[in-house]
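This report concerns only the one structure given below.
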Amino acid sequence: MFKRTLIAASLTVAALASAQAMAVTGGGASLPAALYKGSANSILPANFSYAVTGSGIGKSAFLTNNAAQFSTTGTVHFAASDSILSAAELSTYTTNFGASYGPLIQLPSVATSVAIPYKKAGNTTLNLTSAQLCDALSGTKTTWGALLGTADTTAIRVVYRSTSSGTTEILSRHLNSICPTKFAVNSTFTNARLPAGSALPSTWVGVANTADVATAVNAVDGSIGYVGPDGVNATSNAVVARVNGVQPTNANVTLALSTAPVPSAPANPAGWAPVVPNPASGYPIVAYTNFIFGQCYKDAAVATAVRNFLTTHYSNPGNNVATVAHSFTPVPNNWKTAVTANFITNTSGNNLDINNANACNGIGRPL
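Numbering-wise (full-length UniProt numbering), the sequence shown opens with residue 1 and increments by one.
If you want it as structure tokens, here you go:
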């Protein structure tokens, strides 16, 4: 009897431990998905789940605490998004959940380029200006000859993201700075391309995830698309176009974002997602892909797991080796120092750190 009771108790403990092992629920952006989960050098801990849904659904799941959007139940503890939280999203969240959940935290995870993969017979050194990229992706120029000033009649076949995508938002932000009559800033390609909602050429192809872009581009000659650096060999001009003469290498991404200052108002989540739509130097289509966490969690184990991950990720070198292996660029050390001081150790004295006793007294994202 004692033995059976002991076995039953052991199984109960094992079940509880297993449940806790997957206690931290999140998801979102597909651009950094392989870095976060599912590859040999992914950086999210074993007790973090990650549903690859795209940035739009990732933000929505977190902002409404709707785990069904990640095909699970319970609380959504974090999200990842290349799409920046808008002023309206931040205001709505504060109104709906600020008093009960506490503030949210938006942090730059890694810097990224949006690379431009292409397949064009006879061309392995494609170099487009930003204006030419506007023409190709808007449909203003429909053949490669018209785009490049040659006699080539091959149709330009655009592979675009069909869902709400932070990759699209980053791309559209740059294009909007160059050709505002052709592109607005939007995370959905059909809304970013102006006029919004207008019909796309029948030869253009929409794909759901960043991992599908390069495959679709390579399938048909004359294709061009846009993708995160982890989805293609971003250092090879034979498969990825230079833009304004610049290849999307880590060094060029660092150069492009070097002017972004550390936020002067740490409590404002918008300040932690700097926008550099048309950098003066480096690769022109760049941004940070972001994490969204709550400051307050009612489950102390979740709070500890989140804090431990942030401690690792924002240390130096932290996850730099894995980040570079996936063709992303680490957050600069001064930004890591600022994140650590404000959201992990509270050495800043701003009381913004995870489960701060003053800010989170009796409130937090639910158990």
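Glycine is no exception: its CB is placed at the ideal position from the N, C-alpha and C atoms.
Counting Cβ pairs closer than 8 Å, one from the stretch 32 to 45 and one from the stretch 143 to 158, do we hit at least three?
As far as the Cβ criterion goes, the stretch 32 to 45 does not touch the stretch 143 to 158, which means the pair count is below three.
So for glutamine 106, helix, strand or coil by DSSP?
Glutamine 106: strand per DSSP, three-state reduction.
Around the C-beta of valine 275, are 16 or more other C-beta atoms found within 10 angstroms, so that it is buried, or is it exposed?
By the 10 Å Cβ count, valine 275 comes out exposed.
Given this structure, state the Cα-to-Cα distance separating threonine 254 from threonine 329, to the nearest angstrom.
Going by the C-alpha atoms only, they are around 7 Å apart.
Can you check which of these residues, Phe343, Ile292 and Ser281, is closest to serine 315 by C-alpha distance?
Among Phe343, Ile292 and Ser281, the Cα nearest to that of serine 315 is on Phe343.
Asparagine 290 lies in the beta strand (DSSP E); which residues open and close that run?
Element bounds for asparagine 290: 286 to 294.
Taking all protein chains shown into account, do 16 or more other C-beta atoms lie within 10 angstroms of the C-beta of glycine 74, making it buried, or fewer, making it exposed?
Under this definition glycine 74 is an exposed residue.
Starting from the N-terminal side, write out each stretch of the alpha helix (DSSP H) that is 4 residues or longer and does not extend beyond the stretch 176 to 224.
Segments of the alpha helix (DSSP H) lying fully in the stretch 176 to 224: 189 to 192 and 213 to 219.
In angstroms, rounded to a whole number, what distance separates the CA positions of asparagine 361 and phenylalanine 293?
Rounded to whole angstroms, asparagine 361 to phenylalanine 293 spans 17 Å at the Cα level.
Buried or exposed for asparagine 176, going by 16 or more other Cβ atoms inside 10 Å?
When all chains shown are included, asparagine 176 counts as buried.
Given this structure, state the Cα-to-Cα distance separating glycine 349 from serine 187, to the nearest angstrom.
Near 36 Å, if we compare the C-alpha coordinates of serine 187 and glycine 349.
Report the option in Cys296, Val324 and Ser55 whose CA atom is closest to the CA atom of leucine 104.
Per the Cα distances, Cys296.
Can you find at least 3 beta carbon pairs, one from the stretch 75 to 85 and one from the stretch 160 to 174, that sit closer than 8 Å?
The stretch 75 to 85, when compared against the stretch 160 to 174, does touch it at the 8 Å Cβ threshold.
Do the CB positions of asparagine 250 and alanine 273 come within less than 7 Å of each other?
Their beta carbons are not under 7 Å apart, which means asparagine 250 does not touch alanine 273 by this criterion.
Between the alpha carbons of aspartate 212 and threonine 347, how many angstroms are there, rounded?
Looking at the two C-alpha atoms, the distance is approximately 43 Å.
How close, in whole Å, do the beta carbons of glycine 225 and valine 159 come, if the pair is a contact with beta carbons under 8 Å?
Contact flag correct, Cβ pair sits at about 4 Å.
Expressed to the nearest angstrom, what Euclidean distance is found between the alpha-carbon atoms of histidine 28 and alanine 151?
Reading the sequence as shown, one finds glycine at residue 28 and not histidine. One C-alpha to the other measures close to 43 Å.
Let me check one thing: in DSSP terms, what residues is lysine 120 bridge-paired to?
Note: lysine 120 sits in a beta bridge opposite Asn123.
Excluding sequence positions up to five away, which residues of its chain have a Cβ less than 7 Å from the Cβ of alanine 9?
Annotation note: pLDDT 35 at alanine 9 (below 50); position unreliable, coordinate value reported separately. Answer for alanine 9: no residue qualifies.
Kindly confirm or deny that the stretch 217 to 233 and the stretch 110 to 117 touch, where touching means at least three C-beta pairs closer than 8 Å.
With the cut-off at 8 Å, the stretch 217 to 233 and the stretch 110 to 117 touch.
Within the continuous alpha helix (DSSP H) that includes serine 130, where are the two ends?
From DSSP, the alpha helix (DSSP H) with serine 130 extends over 130 to 138.
Could you pull out every residue in the same chain whose Cβ sits closer than 7 Å to the Cβ of threonine 153, ignoring the five residues on either side in sequence?
Answer for threonine 153: Thr143 and Gly145, listed in chain order.
Is the separation between the beta-carbon of isoleucine 57 and that of asparagine 319 shorter than 7 Å?
Taking 7 Å as the Cβ cut-off, isoleucine 57 and asparagine 319 do not qualify as a contacting pair.
Among Glu89, Tyr50, Ser236 and Leu107, which residue has its Cα nearest to the Cα of serine 71?
Per the Cα distances, Tyr50.
Assuming contact is defined by CB atoms lying nearer than 7 Å, are proline 108 and valine 331 in contact in what I supplied?
Cβ distance < 7 Å, so proline 108 and valine 331 count as in contact.
Work out the CA separation of alanine 270 and tryptophan 335 for me, nearest whole Å.
Going from the Cα of tryptophan 335 to the Cα of alanine 270 covers about 15 Å.
Rounded to the nearest angstrom, how far is the Cβ of threonine 203 from that of leucine 194, given a contact under 8 Å?
Incorrect: roughly 20 Å between the Cβ atoms, too far for contact.
Would you mind stating whether asparagine 127 and glycine 245 have Cβ atoms separated by less than 7 Å?
Yes; because the gap between Cβ atoms is below 7 Å, this pair is in contact.
Is it right to say asparagine 209 is buried, meaning 16 or more other beta carbons lie within 10 angstroms of its own, or is it exposed?
Flag for asparagine 209 reads buried.
According to DSSP, simplified to helix, strand and coil, what is alanine 303?
Residue state, collapsed to three classes: helix.
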